[in-house]
Structures are given as structure tokens and as C-alpha cells.
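Each remark here refers to the structure printed beneath this line.
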Amino acid sequence: MWYTLKSNSINRIKYLAFLCLACNFVFAQNEQQITATLHENAKSINIQQKITFTNHSKDTLNQIYLYDWNNAYQNKNTALAKRFAEEFDKSLHFANEEQRGNTKIISLIDKNFNPLNWKRLEADDIIKVQLKSPVYPGENYILDVTYTIKLPSAEFTGYGYNKNGRIKLEYWYLSPIPYTTDWNLYSNMNLNDMYLEPSNYSIGFNYPISLHLTTNADSITEKPVDSYIQSKLYFKNAKSVKFYLEPTKTFTTIETEHVLFKTNIVPVNISEPVSFLSLDKVSRFLNTYLDNKEQIKILISESDYRKNPIYGLSQLPSFLRPFQDQFIYELKLLKTSLNNYLLEAIDADPRKDKWVFDTIETYLMMQFIEDYYPDMKMAGNFANIWGIKSFHFSQMDFNEQYQMYYMLMARKHIDQPMSMERDSLIKFNNNIANKYKAGIGLKYLDDYNEDKIGIPVISEFLNSGNTTKENFENLLVSNSKKDINWFFNDYVNSTKKIDYKITCIKENKDSLNIRVKNKMTANVPISLYTFKNKQLVNKYWLENINDTKTINIKNNGEDKFVLNYEKIIPEYNQRNNYKSTKGFLLNHKPLQVRLFQDAEDPNYNQVFFMPEFGFNLYDGLILGTKLYNKTLLTKPFLYTIRPQYGFSSKDIVGGASVQYRQFVENSNLFLINYALSGAYYHYAEGLVYKSFTPSVSFTFRPEDLRSNKRQRLNVRAVNIERQEDTLVVLENPSYTVFNARYLNYNNDILNYKSWFIDAQVGNKFSKVSFNYEYRKLYNSNRQLNIRVFGGKFIHNNTNTNYFDFALDRPTDYLFDYNYLGRSENSGLFSQQLIMAEGGFKSKLIPQYSNDWMLTTNFSTSIYRWIEAYGDLGFVKNKHMPTKFVYDSGIRLNLVTDYFELYLPVYSNNGWEISDPSYANNIRFVVTISPRALTGLFTRKWF
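Using mature numbering (1 follows the signal peptide of the UniProt record, and there is no 0), the letters of the sequence shown map in sequence onto residues -28 to -1, 1 to 914.
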């Protein structure tokens, strides 16, 4: 919808005319003049703004676009709200009107007082303004806008007001969107990456006298007028205007020789002299490596740090944190200072070209450690504690974490190119992995050039006056002694993995022939180190290895050869980098056994063990250990062995599994998993079962990794052997079921959809089933849940209900479900609900179907996690009429799929709520698997 807003006040017209005549702008760049008044109680700001937009492109423009990121908090349909939902955060969806922000445009005119047509784009936080006359290259256009913004609660992104009366303002006013060869129409995605050209700002800001203002303005004058402070602020060549308003001032100004800090990052447990020494250390470092000719002025806040923190052990509570408070304080200052400084200093697009910012920030963070804390370990003080210091994790240098966190995603094959736009990255890649890959990439170039080219490149780039991505790339090329096209093609712009292996060493009289194989797709240089009696002899760089390459080097009597010995190159697999000429034993890695999981050590074959516990009614409390080979970084071949003891059954129980995972590059077919698993537990009092299952599964994932859509095809053969009771004869004590299932789901928090088709073939039966689930969270905050199940036997020659479809409690003959008491027909454990097959909550007759079944389960919100549920269905047994069944009640949806309670009210049994033994009718869903519970918290990151 287009809007034409006319000025409804003669006085406002006069005021705007005065602004036009009184101001003499330099039109070579964008200029903005803002008069704003903050109304604290209303949490709103009245703004009158003059925008001088300069066309720096070669094109003639007939429209201008404006950022209005404050309006991103307006409703549940903005790009920001959808972004939150993608990351399983419902806070903005459930927000009330008081918590939301919005922008109301009162008038929008040009310099001749002509009202301009404007409209909001679909995302709601970008405004398109249709101009009365074209803007030719090098010319400017003046907009006068009068509007009011209502501030959102700061609980969403840190922007807005909080319950303590503090207000943070950033990206709070309308800003012209730069045009290069096209418009960069970026919505607010909580990425702190508004793309702006530098502008001169002249701002008159009025705020209540009860507040204190801290800002990044170049100059400020203030005077009290009645109950307000009138401030006049000027910003020169600035991109952002930041205001912090507080009832009690928390910011302090600290001036060192090189940097003027304004900050409320408070040193914890550090004396004032020590904290000043830390500030001075950080300021000297910034001056040295940024090579700024003038004093740097930086405004940094605790909220800035929280948006871009130091991930890892430093985030633990202070009583568990393994690092000294001074060390943490310095890293917080440095990282936040670098982030804020680079966003202002670099003109590259912070959404498209964020890798430029990330490269410099991460590289300098690593350089700070090398300069001041070269002996710091990743585990900090934990590295010296008995029982921990033997772990490889505790022996790793602090800077090795950067490669490890990047490799965490590369090994899962969900890494994304450094050059990909930030709004397309999954959260872990955006916040951690891509940043770290960027920094270690520049360290890689240092090593390849055998010189620290990163330091002069950064200095020259930041002081060149041309801080675009293209110039950064040109400086990398011009400062490199060798060809580095591979760096951009196979490292920055791709997810190609690096993995080389020495396959053969042939000794000649005076020379050595060394064959190296490229096991992945990245064609990048790899370093080769040669040793003699554990002493380094030579280092070589091997290049252009598409498949295999044999190099010839002088034979100096070397006996050991290592690729990437210093681990500077982020290699996918470093376990195959060693080769010795002294025989099999030296090429064979020794076994290392550790309590609890550790970081991967390529020098050993690692085995871990950890205590485990479990419970079922028949084995009772289960204690045991898990033996496994999975390190912090996953790998293709994994095994797990679980020897356990059941204290009630007084028997040895447990299970084992082995799997090989084959990732597929550049395909929707993401993963092929081959597995064998087996288990030995009790299924009833004194009766055990054994299971053995070979399987293969195919997982499909869309190219857009932010999508929560998945597809999976799983094929398996389930072999079960049950111990027979002497009093009860089992028709099928041992059986094999061939099972194939295709699953398609979209794990969206607002619109969850899932369906599967399942086929099973046994010795005496075959059947097919279909399952569909849908969850919809409406704008009214009401949720609707629908599930449909249909199943049909193709043939059924069994004489019991063991393989039948179940209405409310599946028999679980495939032993898939985590029943606490799988054979119970009464008592608490019989009330455990597994949402499968019929999905009913009431126990009705008939309970099973040996022909076909069709059911529907639905529930809807009453208030928050309290829902009403109902089930309808038809059950058909052979030689019996079709039975219509139903039930209804209240669902307490405390944590969906993890902890739920069902309170039956009415069903075919009548009013269940009046049943004297009503407590026996209540059903519950509970998940006690640590892995399943961990997924509840990690899903937003991956």
C-alpha cells in the first residue's frame, strides 16, 4: 500500500522551511539533521529528521529506500520475528503490545514541501520512497520526515528499554540505504549489520533530567531546561549513532596514551591499578596493529559484548571459570573494541562481506594471545589440575580452539562458505565457526608465505582510505610472495575440505620419493616436515595436488615425515598425516584410554569410558559404563559398548553399536549411515530379550542449512530373541521383521509438519502405516496440534495381538521405545504414553487392531501450556464390526515431546473424571535420555 502524508500543521511546515533555509550542507556525502525528544514514560521518541541523500553511483535513481529497523519489532510477521522463530525463540512471538516497538510516519516531504509517496516492503522494516524528480549521479536529494518511534523491550536484542530504566538506542532513526549497483535491502535480523555509508550527523536530543546520557558523539553540549536535558551532538563521518541512557550512570571514561575508552564493562575482582594496566595493554595493542595515527575513541558496553562474546570456558560462572579475571577482562575489552571499531572503520558490506571483518578481528585476537599469553592453554588453570592435565584438551594451546570450533562444523558437514551472506548462515557458523575459519585462514597465509603478511595487510587496509572487500583481497595478493588464488577459490568462497595423506615413501640412494594423496576436494598448499631422530630437518610446501603427487627430495637420512606438523592448516583429518620409514610399529598409533570424552589427539587411537545410569522396572537401577571412540570432533567410524548391571535383575545387561557415516558433498543427499546395533535387557520380570539390528539410512537436507526441513529413508532388519516364561507359551519368542520407513519433516517452531510411511514384513504378517503430524502456533498465541494415523495389514496369520496396531499403548515388538515398564498392564508404569500408532490417552476396548485402524489426535491451547485434547478413530478387527472410538481431556504441555501430562475427561468409557480410581487414568510423557534433552538446547545452533 502506498501512502501520501500531508503536513497537518502550519507550524510544522514553517519549522521544516526554517530547517531547509538555515542549514548549509556539504553535499559530497550524506548528511542528517535530527531533532528528537525522548518521552520516558511512554517509551517513545518524537523525531524530526532531514536526510540529505547523495547518489554515489553511476545510475539515475527515481526512488530511495530507508532502513526502519525499529519497526522490526512491530508484529509477529516481520523478518526479525521469523528469524527468532527459525532459531526456536518464541519470545518475540509471545510479546505483548507494550513490549513491541513500532514506527509511525507523520509526514514525509521533499525540500519543496511536496508530500512523497512511500510504502513499506513486506518485511516491514524497509521503506520505499518514490521521488518527485530523479537523482542523477553525484547529486543529492533532501527528505524531511516527521515520525514517532515506540521503543521495544531490550529483552529481545538488547535494543530498547529494560526493567531497570536503562535505554539503549542503536539504529533507532531512519537511515538511507546505500546504492552501489543495486539496493542493499537488508532487514533487521539481529545481526548488528546495518550497511551504511558514513554520514555527518547533527542531532538535537532532549531527554528527561533523571537520566544520564553516554554516546559515541565526536562533540556534545548539554544544558538543563525544565525537566529535560537539551543536548546538541555532532558525529563526523559516522555510521552509527549510539545512545545509552541510565538512571544511574554506569559508564566511565578512561583515557590512555592511544585510546579513549567509554565503557561499562566492569573489571571483576580486579584492583583499579591492575584494571588500568589491562586497559593500557589493550590500548597499546590496538595502536600497534591498527596503526592509527590519531587517538582512537571507542564506546563499548557490556551489552555489546553479550552480542559478540568469547565462547568457550570463559563463559562459565566465575567460580568454575579456569581463567584469571584479568585475562577475561582484557579479552572482553579487546574483542568488543575490535568489533565496534571495525564496523565503523571498514566500508565493506557487513552482511555480504563479513568475512573481511571476521578475518581481522579473529587474527588480532590470536595475535594478542601470542604477544601476551603465549603459554596460555585452552583449559586455563584446569590444565594443571591432577586428573585433568593428562587430557589432550588441557594440553592444547589457547589459540587451537579457533580451529577446533570451526572443525566442529566441518566434521558435521554443516559448515558454510565464509563469503556467504550472514542472514543465510546457521547460528553456530555466524557466531563462531565462520569467524574462526576467517582468522586461521590469515594465519595459514602467514605460514604459507613464511612471513606475517597479515600484520602489514591489516595496517595498510585500515589506513588506505579504501576499506572495501575488493581492496582487502588486492592487498592480500600484493603482499603475498606466492600465488594465493586458491585461498579465495577453495577457502573463502567454498566449503571444500582439506585432507592430505602420505601414502608411500620410497628410499633411493640419494633421494626420497614421497607420494601424497589429496583425499578431499580442496586443492590448497600443504606443508611437509621431515625429521631425523626427532629433530626437524626440512620443511617443504607441496602445491597443486588434485589427486596424488610424488615429490623427490634429497635423502638426509630422515626417518619421519609429517604433513601439517604445526597444525596451522585446518585439516579435516590430521590422524593420517604421519609416516615413518622405521617400520610398522612406528606407523601404528598407541592406544590411549581416558575417563570422559576428550579432544581429538591425532597421535593416538583414543578410547573413552564414562559411567552411565538408566532405569526400567525389570532391571531396576542400571549402572555401567560406556566405552566409545567419539571425540569432541565427530568422525566417520564410531562405536559404543555399554556393559551394565541391573540391580533388580541382578544380571549383566547392556548394548553395543557400530556405525560408519558417509557424508555426501554438494548434494541434497546429505548423509548415508551404515549401522549395526544390539541390546540385552529384561522385558518382563526374570525374562530377557536380545536384539540385533543391521540398518542403513539416507538423510536428505536442503541446500539452505537454516531450513529445518529434513527427509530420511531408513531400512533395517530387526532380529529379536525373547526368553520364554515357563508358565506362558509365546507364539513368537524369536522373530525377524524387515522394516522400511520414509520420513519427511519440517521442525519449524511455528508450523511443524511431519509425516512418514512405514512398511513392515515378518514371518507371519506384513503391514503398512502412515503418520502425519501438524503443529501451528497462531498469531493469537494459540497452538493447534493435529495428528493422523492410518494402518492396514496386508496379511496377518498371527494368533495374538503382539504384532497388532495398538490404540493407546503399542506393544513395541521392535523394541524402539524407551518404555520404563514395557510389559505392564496396570500401575504407574502402564500409564506412560508413547505417542505412536493410535495415540489415544484413554484405555478403551478394543485396545488392538489386527486388520486396520484410522485415528486422529488433536489438541489446542487454552492458556499457555494448558491445552484441550481430543481423539477420534475407527478400529477394525477381523470378523468384527468397525468400532468408533473417542476420548477427550486436558493436556499439560510442559515441554513438548519431553514432559507432558494428559488428564482424561470424557470418552467411550463415559465421564472418566468421576472415576474413583481416576489417578490410574492419567497418562504421562517423559524423556530421560540425556542425548534427547541436550537436543532441546542445541537445536537453535545447528
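We put the beta carbon where it would ideally sit given N, CA and C, even for glycine.
| query | If we cut at 9 Å on Cβ distances, does Leu232 have a partner in chain C? | reply | Here chain C cannot be found, since the structure has a single protein chain.
| query | Where does residue 958 fall in DSSP's three states? | reply | Residue numbering for the chain in the displayed model covers -28 to 914; residue 958 lies beyond these limits and cannot be assessed.
| query | Excluding the five sequence neighbours on either side, which residues of its own chain have a C-beta within less than 8 Å of the C-beta of Gln564, listed in chain order? | reply | In chain order, Asp573, Tyr576, Asn577, Gln578, Val579 place their CB closer than 8 Å to the CB of Gln564, counting only its own chain and leaving out the 5 sequence neighbours on each side.
| Per DSSP, what kind of secondary structure is residue 924 in: helix, strand or coil? | Within the shown structure, residues of the chain are numbered from -28 to 914, placing residue 924 beyond reach of any answer.
| request: Let me know if Asp591 comes out buried or exposed under the rule of 16 or more other beta-carbons within 10 Å of its beta-carbon. | output: Buried is the call here.
| request: Might you give, ordered along the chain, the residues of its own chain that have their beta carbon closer than 7 Å to the beta carbon of Asn435, omitting 5 neighbours on each side? | output: If we look at Asn435 and ignore the five residues flanking it on each side, its Cβ neighbours are Asp263.
| query | From Leu816 to Asn743, what does the alpha carbon distance come to, in whole angstroms? | reply | Rounded to whole angstroms, the gap between the alpha carbons of Leu816 and Asn743 is 21 Å.
| field | Minimum length 3: unbroken beta strand (DSSP E) runs contained in the segment 262 to 292 | value | Runs of the beta strand (DSSP E) lying entirely within the segment 262 to 292 and spanning at least 3 residues, in chain order: 268 to 272.
| message | With distance defined between alpha-carbon atoms, name the residue in Thr603, Phe585, Asn751, Phe787 nearest to Leu595. | response | Per the Cα distances, Phe585.
| request: Kindly indicate the opening and closing residues of the alpha helix (DSSP H) around Pro666. | output: Note, Pro666: premise wrong, no alpha helix (DSSP H); beta strand (DSSP E) at 659 to 672.
| query | Where does the unbroken beta strand (DSSP E) through Val740 begin, and where does it stop? | reply | Counting along the chain, the unbroken beta strand (DSSP E) around Val740 starts and ends at 737 to 749.
| task | Report yes or no: do the segment 166 to 180 and the segment 206 to 217 share at least 3 C-beta pairs separated by less than 8 Å? | result | The answer is yes - the segment 206 to 217 touches the segment 166 to 180, with three or more Cβ pairs under 8 Å.
| Does the segment 15 to 33 come close enough to the segment 194 to 203 that 3 or more CB-CB pairs lie under 8 Å? | With the cut-off at 8 Å, the segment 194 to 203 and the segment 15 to 33 do not touch.
| said: Please state the DSSP three-state secondary structure of Gly411. | reply: Gly411: helix per DSSP, three-state reduction.
| query | Around the C-beta of Glu229, are 16 or more other C-beta atoms found within 10 angstroms, so that it is buried, or is it exposed? | reply | It is exposed - the Cβ of Glu229 has fewer than 16 other Cβ atoms within 10 Å.
| task | Could you tell me which of Gln634, Glu442, Leu417, Val687 sits nearest to Ser452, measuring between CA atoms? | result | It is Leu417 whose Cα lies nearest to the Cα of Ser452.
| Residues bridged to Gln73 (per DSSP) | The amino acid at residue 73 is misidentified as Gln; the sequence shows Gly. When DSSP reads this structure, Gly73 sits in no beta bridge, so it has no partner.
| Is the segment 316 to 336 touching the segment 381 to 392, taking contact as three or more C-beta pairs under 8 Å? | Cβ pair count under 8 Å is three or more, so yes.
| said: If you reduce the DSSP assignment to three classes, tell me which class Ala840 lands in. | reply: Residue state, collapsed to three classes: strand.
| field | For Met161 and Glu372, the rounded distance between their alpha carbons | value | If I take the Cα positions, the gap works out to 31 Å.
| query | From Leu864, His364, Asp343, pick the residue whose C-alpha is nearest to that of Ala351; which is it? | reply | Of Leu864, His364, Asp343, the smallest CA-CA separation from Ala351 is found for His364.
| task | Can you grab the Cα-Cα spacing for the pair Asp343 / Leu251, in whole Å? | result | Just so you know, the alpha carbons of Asp343 and Leu251 end up roughly 15 Å apart.
| Sequence-distant residues of the same chain with beta carbon closer than 6 Å to Gly176, five excluded per side | For Gly176, where only same-chain residues beyond five positions count, the Cβ hits under 6 Å are Thr7, Lys204.
| The alpha helix (DSSP H) enclosing Lys54, as first and last residue numbers | Going by DSSP, Lys54 is part of the alpha helix (DSSP H) stretching over 51 to 58.
| query | Three-state secondary structure (DSSP) at His65? | reply | Per DSSP, reduced to three states, the secondary structure at His65 is helical.
| Contact check, Tyr550 vs Lys469, beta carbons under 9 Å | Not a contact, by the Cβ cut-off of 9 Å.
| Candidates Val231, Asn236, Pro562, Leu604: closest to Thr222 by CA position | Out of Val231, Asn236, Pro562, Leu604, Asn236 has the C-alpha closest to the C-alpha of Thr222.
| message | If you follow the beta strand (DSSP E) that Gly592 is in, where does it begin and where does it stop? | response | 592 to 600 is the extent of the beta strand (DSSP E) around Gly592.
| request: Report all residues from its chain with a CB closer than 8 Å to the CB of Asp519; omit the five preceding and five following residues, and keep chain order. | output: In the same chain as Asp519, and ignoring 5 residues on each side of it, the C-beta atoms closer than 8 Å to its own belong to Lys489, Asn490, in chain order.
| task | Please report the Cβ distance between Asp881 and Ser814, rounded to the nearest whole angstrom; I am assuming they are in contact, meaning their Cβ atoms lie under 8 Å. | result | This sequence places Asn at residue 881; Asp is not what is there. Yes, they are in contact, since the Cβ atoms of Asn881 and Ser814 sit about 6 Å apart, within 8 Å.
| Distance, Val117 Cα to Gln20 Cα | Cα-Cα distance, rounded: 6 Å.
| message | My output table needs one value for Met825: the three-state DSSP class, helix, strand or coil. | response | DSSP, read as helix, strand or coil, puts Met825 in strand.
| Where does Met379 fall in DSSP's three states? | The answer is helix: DSSP assigns Met379 an H, G or I state.
| message | With the cut-off set at 9 Å, would you say Phe830 and Tyr820 are in Cβ contact? | response | The criterion of a C-beta distance shorter than 9 Å is not satisfied by Phe830 and Tyr820.
| query | Can you tell me the Cα-Cα spacing of Phe(-2) and Thr152, whole angstroms? | reply | Confidence at Phe(-2) is low in this model, with a pLDDT of 40, below 50, so its placement is unreliable and no value can be given for it.
| query | Around the Cβ of Asn(-5), are there at least 16 other Cβ atoms within 10 angstroms (buried) or fewer (exposed)? | reply | In this prediction, Asn(-5) scores a pLDDT of 37, lower than 50, which makes its location untrustworthy; the coordinate-derived value is nonetheless stated afterwards. Around the C-beta of Asn(-5), fewer than 16 other C-beta atoms lie within 10 Å, and the residue is accordingly described as exposed.
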